[in-house]
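Residue numbers (my numbering), protein chains in the order written: chain A, 14 to 532; chain B, 1080 to 1385; chain C, 45 to 340.
Where a beta carbon is used, it is the ideal one built from N, C-alpha and C, also for glycine.
Structure, as structure tokens:
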Amino acid sequence: MSGGKYFKKLFVIGVALMAAAMFLGAGPALAEVKVLTIGIGTDADTLNPQEQTTTLIQNMCDLIYDVPFYQDPEGKLHPRLATKTETSADGLTVTVKLREGVKFSDGTPFNADAVKLTWDRILDPKMRVPLRFAVAMVQECVKVDDYTVQLKLKFPFAPLVPALSMTLVSPIAPSAIEKYGEDVRQHPLGAGPYVLSEWVKGDRIVMTRNPDYWGEKPTVEKIVWKIVPEAATREAMLRTGQIDVCYKPMPSSVAALKADQKVTVEMPLDTRTIFMGLNYQKGVTTDKLVRQAFNYAVDKKAIVKKILFDTAEPMDGPVSPKVFGYAKMANQYDYDPEKAKELLKKANFDFNQVVQMRTPNGRYLFDKQVSEAIQAYLQAIGVKTELRTYDWPTYVAGLLKPIAESELEVFLLGWGPLVLDADMGLYGQFHSSVNPPKGLGAAFYNNPEFDKLMEESRQEQDPEKRKALLLKASEMVWDDCPWMWLHVEKFVIAYSSKIKGMVVTPTEKFFPQYITKAK
Amino acid sequence: MLQYLFKRLLSIIPVLIGMSLLLFFMLRSLPGDPAQVLAGQMASQEDIQLIRVQLGLDKPVYVQYGKFVINLLKLDLGRSARTQNPVIQEIWARLPNTITLSVVAIVLACLLGIPAGVVSAIRPYTWVDYLVTSTALFGVSMPVFWLGLMLVVVFSVMLGWLPAGGTGGITYLILPSITLAAFVTAFIARMTRASMLESLGQDFVTTARAKGLRENVVIIRHALKNALIPIITVIGLQFGNLLGGAILTETVFAWPGMGRLIVDSILARDYPMIQGSILIFGLLYVLINILVDLLYAFVDPRIRYD
Amino acid sequence: MTEPTFTQTPQPSLTPPAGPWRRRWSALKRNKAAMLGAILILVYVLTAAFAPLLSPGDPAAPDLMNSLEGPSAKHLLGTDQLGRSILARIIHGSQVSLLIAVGVIAVGLFIGVPVGLISGYYGGAVDFIIQRITDMFLAFPGFLLALALVAILGVGVTNVVISIGIYMIPLYIRLVRAQVLTVRGEIYVEAAKAVGTNDIKILYKHILPNVMVPIIVQTSLGMGMAILFAAGLGFLGVGVQPPQPEWGTMLGAGRSYIFNAPHVATFPGIAIFLVVLGFNLLGDGLRDALDPRVKV
């Protein structure tokens, strides 16, 4: 952060302070926040950032460990534990400069050795690193000097730098690894603004401010993550003031919460897209006309409004508008049952067959209800369907079968890229190399032209040219319709309106460390 | 007496072995792969396989079971697949909460249910009786989770008197224990009434009355004492049910107990965690029922275990 | 969820020798509460039987534009999250819950009663083995057992029936066995044995009729319990397949709208409550009417 910007920020805070003081008409109303209580749905399983796959828990890890780069809600990268990167001309070496003078919360120094150890652990095939695929192009991490490391790549990969904002690459203090071994997941130790001070399983996780944090001192002294599995209860606790922040309240209550003067609701668009996969290689959906017809048959706007209470937006391109490389597509599949019927007739669709639909139950926001509505829309144009629900483990096992064994026809799924770049959305779902069982591109999309475009985009270092390639790929897949393009979720968070300055990101994270709270 | 106790305790072993066997193979027939769930949506096949190996899921089921039993003999329930923490540690963190909730609920249920049952049995087919029996019937017929939700809506959201969930002081215990107790209270009241009616009709009560004992004495010393056995049985059995049945209450009220832990573990296919928790539940259930048997002897000196 | 447990040992015999059923019927008829229960059940069964005639519309036809509407003249009980008529879904849901309850009881009766008879009548090693297996099942928290079984078998009416039914079997075994033990030594059984009547005939002719009363009573209570269990499973999201209407599932879905559209969770809750109440009222009445030891 440059000096000028810092000053600007101070100025803004100062003005806000004065405004609030005037508004309340009494004394210094804004002060340090002693305790901030956040109601969340699940307990953490592990606080080892390399093992974590749940965004909420990654969010906690970010507060304990900090990240090399921080990606702000606009997608801009800010230096944190790393200060800058440099990519070699051949795109095979990325040099990372580290921040000097940073200490882990136990006083041991943060340096290239710590970063290298973390990378060695990420790349060690014996370690459990579920998200390793996101940095799998890294061959090794080499220490150059105490505050410089080099990442050697197997092949050029343009979106690597944004990936350095992922929790996955947060460094753990080597001293903690030495002391606790793999139990470090229960004893997290990093260089972030907070230190874990108490963890009561199933009940709460408590963090206190790290007095030696390298950056700006957080205003919140203590953060209590209170585990409240039932969303209705969580919301009631927010209203009664038992908690200050309610993580993901019930969508049905969003309108009421917004109307409540005592509550602020934020709901930025997320990166996660929800879709109905249409098997590209097997069954009735191999016909492009049928896939397009299904897209016209469903009123996505009504689903978003009525089932999701506007906590999502209909997709108008194959990736979330929040990511680099997104563009709104020219042709929109607006609700048009007549056109859908026409297309089906043109495809000689057999209206007597029963199309098999499946959906997880409770994995995504109102997943089952959305599927039920889609079932009804398909039935309305004369398509007979049978819908089956599964719990997540059963469901995901069914998704991963190779094409020969796959029973998938029409199935609901969500995909939430972790960085604000279209690569993870397009490559991660539609490149033929991610067809099950190798990946979770369960629609079995297979288009050599598309593959080629995506591969080219990964090599392209020039952002504008890369954007053009991503756009071309997007148009191709949008027309092919391996999905019913449903909606992009919003990340909903509600908190006491006394709180100002909460930072909420499109990757479903929020950062409360610099908030202020009126008395 | 001691010999009886010893025999009963010994009989736990085959029950637990049978349970563990049943449980173990039942779990392995669950569809879904724990490694897949742990690895998340984006992991590669290699990483999933790695986790499978780490969890020992690549070995044949009988080998897995053998290992489980050997560890069990060493009083080691293994490590949770999800958190990698020792199962016993995870259970230990939550069991006291479930027991607190259950004990409070049972005590509440006894304090309300037994007097209500006695009163209605003394005045059968009067308005008191109708009030008690109908209230009790309501309690037994109400879906627990529904009652819980309605209580939250009224007392936390509308009136703002009580916290909607979580743990803390005594106020946090009120709604969940009432919800959990509602059903048992009703059950105990019904049982007390039936069993009191029965014992009030017996000869020894008539005799006691004929001897000119005061009605209170007759009712408490003679009739109630005699009626206690079936009541205690019900309490013992209900305690087992409470332990197992706290799931929905714990879900509604965010109570960090065992019920919630088991549901989450089933959803994550965390085999060691499910095995450990249910075995502990089974053990508790058997122990409580042995305790109930011993209470019989205490309540009714005519019963001797030898 | 807590559930009614079949009362077991050491409650003394509930069984009189087979007697005039007519007298019992008139005793039952005098019991107003039991009659109320019977009426509730009758209404419930009739609703299930004539659901398509009674229902104001298609229970599976969504109308998104009119979702979550409160009770009105058009939709007496309002609409759910997909705009389906809640009344229509409750009416059709009665079929599902009745099917589940009857199925569960059938599983319990057809397996539990014969096994209980054998266990009690023969005693010895057979009894010992059966009782240990029963112990094992009873030591599982009942609702969890059902939950785990549904997770294995997958959702759907049949699987729900099997899962709850398996929990029901040991309860019947225990109940029947306890009753058999009390009548096994009776003179009429001894007499039958003495004249060389074969075991099956003794069990069928002499013992079964004398253990019928508690079985009937507990079947009524068990129906209520099965409905509560199924609703609990539905509430946790492991009930039947959509768009089949099931009360517990409806309630579970309604939980998400508890603040802004409480009617969605309220009405299925009331439906469950009334039906279970009916079975409990009737069960209690039956016990009072059929058990001669309860003095009125």
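What's the call for residue i, buried or exposed, on a 16-neighbour Cβ count within 10 Å?
i                       : result
residue 272 of chain A  : exposed
residue 1343 of chain B : buried
residue 521 of chain A  : buried
residue 424 of chain A  : buried
residue 1085 of chain B : exposed
residue 525 of chain A  : buried
residue 38 of chain A   : Only weak support is given to the placement of residue 38 of chain A: the predicted model assigns it a pLDDT of 40, under 50, and the value that follows is read from those uncertain coordinates. Exposed, because fewer than 16 other Cβ atoms sit within 10 Å of the Cβ of residue 38 of chain A.
residue 333 of chain C  : buried
residue 1237 of chain B : exposed
residue 1265 of chain B : buried
residue 274 of chain A  : exposed
residue 1082 of chain B : exposed
residue 41 of chain A   : Residue placement at residue 41 of chain A is flagged as unreliable, the pLDDT there being 41, under the threshold of 50; the coordinate-derived value follows with that caveat. Classification of residue 41 of chain A: exposed, given that the 10 Å Cβ count is below 16.
Going by the beta-carbon positions, is the gap between residue i and residue j smaller than 8 Å?
i                       : j                       : result
residue 246 of chain C  : residue 237 of chain C  : yes
residue 175 of chain A  : residue 71 of chain A   : no
residue 1231 of chain B : residue 1331 of chain B : yes
residue 382 of chain A  : residue 287 of chain A  : no
residue 391 of chain A  : residue 402 of chain A  : no
residue 52 of chain A   : residue 251 of chain A  : yes
residue 156 of chain C  : residue 208 of chain C  : no
residue 302 of chain A  : residue 378 of chain A  : no
Whose Cβ in chain A lies nearer than 7 Å to the Cβ of residue i?
i                       : result
residue 1164 of chain B : 199
residue 281 of chain C  : 374, 375
residue 199 of chain C  : 402
List the DSSP bridge partners of residue i.
i                      : result
residue 502 of chain A : A:325
residue 565 of chain A : Outside the shown range of chain A (14 to 532) lies residue 565 of chain A, about which nothing can therefore be said.
residue 369 of chain A : A:399
residue 212 of chain A : A:218
residue 289 of chain A : A:425, A:497
residue 260 of chain A : A:506
residue 533 of chain A : Since the displayed chain A opens at 14 and closes at 532, residue 533 of chain A lies outside it and no answer follows.
residue 279 of chain A : A:506
residue 123 of chain C : C:129
residue 581 of chain A : Residue 581 of chain A is absent from the structure shown; chain A starts at 14 and stops at 532.
residue 154 of chain A : A:164
Below 8 Å on the Cβ atoms is my guess for residue i versus residue j; work out the distance and round it to an integer in Å.
i                       : j                       : result
residue 308 of chain C  : residue 125 of chain C  : 7 Å
residue 1116 of chain B : residue 1348 of chain B : 5 Å
residue 115 of chain A  : residue 94 of chain A   : 7 Å
residue 1167 of chain B : residue 1156 of chain B : 5 Å
residue 128 of chain C  : residue 1093 of chain B : The pair is not a contact, with the Cβ atoms about 51 Å apart (cut-off 8 Å).
residue 81 of chain A   : residue 127 of chain A  : Actually they do not touch by this definition, with Cβ atoms about 12 Å apart.
Quick one: which chain A residues come within Cβ less than 8 Å of residue i?
i                       : result
residue 304 of chain C  : 265, 266, 268, 269
residue 1116 of chain B : 405, 406, 409
residue 190 of chain C  : Correct list: empty, because the minimum Cβ distance to chain A is about 15 Å.
Run down chain B in chain order and give the residues with a C-beta less than 8 Å from the C-beta of residue i.
i                      : result
residue 138 of chain A : 1125, 1129
Cβ closer than 7 Å: which chain B residues qualify as neighbours of residue i?
i                      : result
residue 299 of chain C : 1228
residue 320 of chain C : 1220
residue 215 of chain A : 1172, 1173, 1335, 1339, 1340
residue 141 of chain A : 1129, 1130, 1133
I want to verify the contact list: residues of chain A whose CB lies under 9 Å from the CB of residue i, in sequence order.
i                       : result
residue 1112 of chain B : 406, 409, 410, 413
residue 285 of chain C  : 399, 400, 401, 402
residue 1346 of chain B : 375, 404, 405, 406
Given that residue i touches chain C, what residues does it touch there, using C-beta distances under 8 Å?
i                       : result
residue 320 of chain A  : 108, 111, 125, 126
residue 1094 of chain B : 176, 179, 180, 183
residue 1377 of chain B : Correct list: empty, because the minimum Cβ distance to chain C is about 14 Å.
At 9 Å on the CB atoms, spell out the chain C contacts of residue i, in chain order.
i                       : result
residue 1199 of chain B : The premise fails here: residue 1199 of chain B is roughly 12 Å from chain C at the closest Cβ pair, so nothing lies under 9 Å.
residue 310 of chain A  : Those within 9 Å of residue 310 of chain A in chain C number zero; the least Cβ separation is about 14 Å.
Since residue i meets chain C, which of its residues come closer than 7 Å, beta carbon to beta carbon?
i                       : result
residue 1206 of chain B : Under the 7 Å cutoff, chain C gives no residues; its nearest Cβ is about 14 Å from residue 1206 of chain B.
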